[in-house]
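Going by UniProt numbering, the residue at position 71 of the sequence shown is 71; the numbering climbs one at a time, nothing skipped. Where is the CB? At the ideal position from N, CA and C, for every residue including glycine. Data first, discussion second: the structure below is written as C-alpha cells.
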Amino acid sequence: DFSANKYQKADHTLIGGGAGQILDPEMVENALHSVKNPKHTIFLSAVGKPFKQTDAMRLAQKKHIVLVCGRYEGFDERSIELGADEVFCIGDFILTGGELGALCLIDSIARHIQGVLGNAR
C-alpha cells in the first residue's frame, strides 16, 4: 500500500552496494505518515540502545506506539532519521528480523498497563 515504485516492492538495495536488501525508506516514511494519531515510533535495530525495564515502564504511559521492524538487513539511517523517536535492540545477538524483538517489547510494555494482568501485584 505504501510503496511508490511501479512494482509495489518493499525492498531497496543497500546504499553503497553490498549483499542484501533493506526496507525502502520512502515506503517506511509513507507508512508512518499514514498513521493519523499522535504516535511514538520505535525502530527495532541491532544498532539501537538496549531495551531496559525502565523503558518498558515509561513506554506503558504512551497512548499510541508504532513499532517498525526490519527484515534481513533492516533499514538504513534515512528511515530512522525520517521517523524514529527511539531505536532499541533486545540484546547482543542478531535475528533475521525485528518481529521477535517487537514481541518482546510488546509483552514487556503491556504488563505495565493497568488492567492487562489480572492481579495488580
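Is it buried or exposed for Ser-34, if we count other Cβ within 10 angstroms and need 16 for buried? exposed
Considering only DSSP beta bridges, list what Lys-49 is partnered with. Phe-88
Who pairs with Leu-44 in a beta bridge, going by DSSP? Cys-69 and Phe-88
Nearest to Thr-41 by CA position, among Ile-94, Ala-110, Ile-113 and Ala-84, is which residue? Ala-84
Does the beta-carbon of residue 176 have 16 or more other beta-carbons within 10 angstroms, so that it is buried, or is it exposed? Missing from the structure shown is residue 176; the chain here goes from 1 to 121 and no further.
CB of Lys-63 within 9 Å of CB of Asn-37, strictly: yes
DSSP state of Gly-83 mapped onto helix, strand, coil: Three-state result, Gly-83: helix.
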